[in-house]
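Residue numbers (this note's numbering), protein chains in the order written: chain H, -9 to 279; chain R, 22 to 396. Beta carbons are placed, not taken as given, at the ideal position from N, Cα and C, and that holds for glycine.
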């Protein structure tokens, strides 16, 4: 029964990883911008939810505030940080440093505004109850499953069926061709940031309820997003979701055979394994050199 | 010729100016520099804020009382709660800021910084780290906090009295956590108990759902965890959320708002040094009165410790000034070992030969977001 319990724990953690990584994968897939500040978006969204819910706002409204904050920050990053850099030189290193700088700024702002303490959202949905002898499950497990399926379905539908979605997919391939079809690369880039930042909200809210947050969570989130994006296949939304799930399950199951402190490391061993033996990831396209 | 003479005079004047400006050569420094080496960013930053607040109140009291002939300056370095940060920060405090007295916390940070501080004759006072190997770490390394071995020794008889025989231990894989595990493994059988299981975690770990499943599977009567910072709150929340309903026990690192304010921490038992804010001695009374006036709440033992650490400097330096002796690391240590007993917050503090303070330990339980002494 311990293995089943670990598997369920891993799925729950993995779904939250998947939701965390999906936005980063979408932004990178469409714009090829290494959006390190995705971790800052996550932290802002999480804090916006906890603080507004803590102030007495109903949780759906708190989620809405969180969505507005996340999308606003994503759009601001695109308009005021990445776009000016891309206009001049647009080197990977400059973008990386600028985005990383924003992570530090956001962390400091959160520390100043809300303190350096751990914060969490207390909800009965996170309390596990026995469903079978020795097997515990919290309602948040089903919430995570439903939200992930719904979001992945809706996003896939948007990317596959709508004109803007197809434009987003084409953005990374050929911005010039987009112009020929009357689409604006600039607007599509903003759309990618808005959508990618919006996708971070469910992960941030679930994380606030299950593990809690602190101002320095940004780099940790980024690490998970990056690992999931590489394992899933760079730029693949579905791949990132699958990889997030795989990372969570691996971290949980490994403690059944190894010492518990290897839990987090196991995810990164998996990452190295993919880099060495399947660099294109789970659903990525191999690129000929 | 004139140019050459001007150049020589200029060079000599510059050299003289440099020598005069260097503290301790032609004149003494204009102020005493106390350095702080606390985590100010990252998952343990909450401690840095708490530690600094205690030190700042002592500084304001020293200034109000005009205890010293020179002002005291506080210079802060961020240790990040890591040994690397500790080594870098101590090097800067000793070599650049010329601190003669430093406040330090965290076991790993202390162990990395101690050789550097000792080499530069800088006193290091720990009021937050509780690893047992911090005792006698260096001649200039002092502890104003009882170490974890004293806390565990107090917790075990209490657990026995409560009939909690099987104890699962969840510990951070670092010097502090390993020391806690070793002591519990050795001492539990002697106290009629048994180790139900031991579960190590990385200092950076944030997900404990799977570990909670293993802890539950070990079927303990109580769970002792040795961690610190935000991770403690994550452990408590995730253990409770994942069906671990047994008694949770830990040590004094839990005396932070993150843990105190957590709904899931209700019933948490933790040891700490005795902190009686109703004591009638003037030092404790003034500290508690001013603290409540400034922060509208009671202080914690960490506030007390770093207040005491700075007050100790004031008392020692004052005594050295009266004797006409220089105020430096060696002289401060000599004076500490000469006097041994000091009027501090929490009563009279007594230092042993290794410069460790002794305070009684009490057992607390969180009830309704407040700590209640239960043993």
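Can you check whether the C-beta of residue i is within less than 7 Å of a C-beta belonging to chain R?
i              : result
residue 110(H) : yes
residue 254(H) : yes
residue 116(H) : yes
residue -4(H)  : yes
residue 249(H) : yes
residue 46(H)  : no
residue 9(H)   : no
residue -8(H)  : yes
residue 179(H) : no
residue 245(H) : yes
residue 113(H) : no
residue 3(H)   : yes
residue 37(H)  : no
Please classify residue i: is it buried, with 16 or more other beta-carbons within 10 angstroms of its beta-carbon, or exposed?
i              : result
residue 312(R) : buried
residue 316(R) : exposed
residue 145(H) : buried
residue 132(H) : exposed
residue 265(H) : exposed
residue 57(R)  : buried
residue 243(R) : buried
residue 351(R) : exposed
residue 343(R) : exposed
residue 164(H) : exposed
residue 301(R) : exposed
residue 360(R) : exposed
residue 120(H) : exposed
residue 167(H) : exposed
What is the DSSP secondary structure of residue i, reduced to helix, strand or coil?
i              : result
residue 249(R) : coil
residue 188(R) : strand
residue 272(R) : coil
residue 225(R) : coil
residue 378(R) : strand
residue 76(R)  : helix
residue 45(R)  : Model confidence at residue 45(R) stands at a pLDDT of 45, short of 50, so the residue's coordinates are unreliable; what they give is reported in the following sentence. Three-state DSSP puts residue 45(R) in coil, outside helix and strand.
residue 92(R)  : coil
residue 289(R) : coil
residue 311(R) : helix
residue 281(H) : Nothing about residue 281(H) can be reported from this structure: the residues present for chain H run from -9 to 279 only.
residue 38(R)  : Caution is warranted here: a pLDDT of 43 is assigned to residue 38(R), below 50, making its placement in the model unreliable, and the coordinate value is therefore given only provisionally. In the structure shown, residue 38(R) sits in a helix (DSSP, three-state: H, G or I).
residue 212(H) : helix
residue 183(H) : helix
Cutting at 6 Å between CB atoms, please list the residues of its own chain near residue i, excluding the five before and the five after it.
i              : result
residue 112(R) : 137
residue 335(R) : 83 and 88
residue 226(H) : 273 and 274
Is there a Cβ from chain H that is less than 7 Å from the Cβ of residue i?
i              : result
residue 98(R)  : no
residue 319(R) : no
residue 45(R)  : For residue 45(R), the pLDDT reaches just 45, beneath the cut-off of 50, and the residue's location in the model is therefore unreliable, although a value from the coordinates is still provided. Not one chain H Cβ lies under 7 Å of residue 45(R).
residue 194(R) : yes
residue 352(R) : no
residue 263(R) : yes
residue 63(R)  : yes
residue 273(R) : no
residue 315(R) : no
residue 42(R)  : Interpretation of residue 42(R) is limited by its pLDDT of 45, a score under 50 that renders its predicted location unreliable; no figure is taken from the coordinates.
residue 392(R) : no
residue 203(R) : no
residue 278(R) : yes
residue 287(R) : no
residue 397(R) : Limits of chain R in this structure are 22 at one end and 396 at the other, which puts residue 397(R) out of reach.
Residues in the same chain with beta-carbon distance under 7 Å from residue i, minus the five sequence neighbours each way, listed in chain order, please.
i              : result
residue 246(H) : -8, -7 and -4
residue 43(H)  : 49, 52 and 111
residue 267(R) : 241, 242, 243 and 244
residue 212(H) : 26, 28 and 29
In chain order, what residues of the same chain lie with their CB nearer than 8 Å to the CB of residue i, ignoring the 5 residues before and after it?
i              : result
residue -2(H)  : 125, 127 and 131
residue 214(R) : 177, 180, 181, 185, 186, 187 and 188
Does any heavy atom of the ligand NAP sit closer than 6 Å to the C-beta of residue i?
i              : result
residue 142(R) : The ligand NAP is not among the ligands present in this structure, which contains no ligands whatsoever.
At least 3 beta-carbon pairs within less than 8 Å: the segment 277 to 295 of chain R vs the segment 196 to 216 of chain R: no
The segment -4 to 10 of chain H in contact with the segment 159 to 175 of chain H per 3-pair CB rule at 8 Å: no
Given 8 Å, three or more beta-carbon pairs between the segment 85 to 101 of chain H and the segment 8 to 20 of chain H: no
Three-pair Cβ contact test at 8 Å for the segment 104 to 121 of chain R versus the segment 69 to 85 of chain R: no
Cβ pair count under 8 Å reaching 3, the segment 269 to 282 of chain R against the segment 327 to 341 of chain R: no
Cβ contact check for the segment 156 to 166 of chain R and the segment 367 to 380 of chain R: 3 or more pairs under 8 Å: yes
contact_flag[the segment 234 to 251 of chain H, the segment 207 to 226 of chain R] where n(CB pairs < 8 Å) is 3 or more: yes
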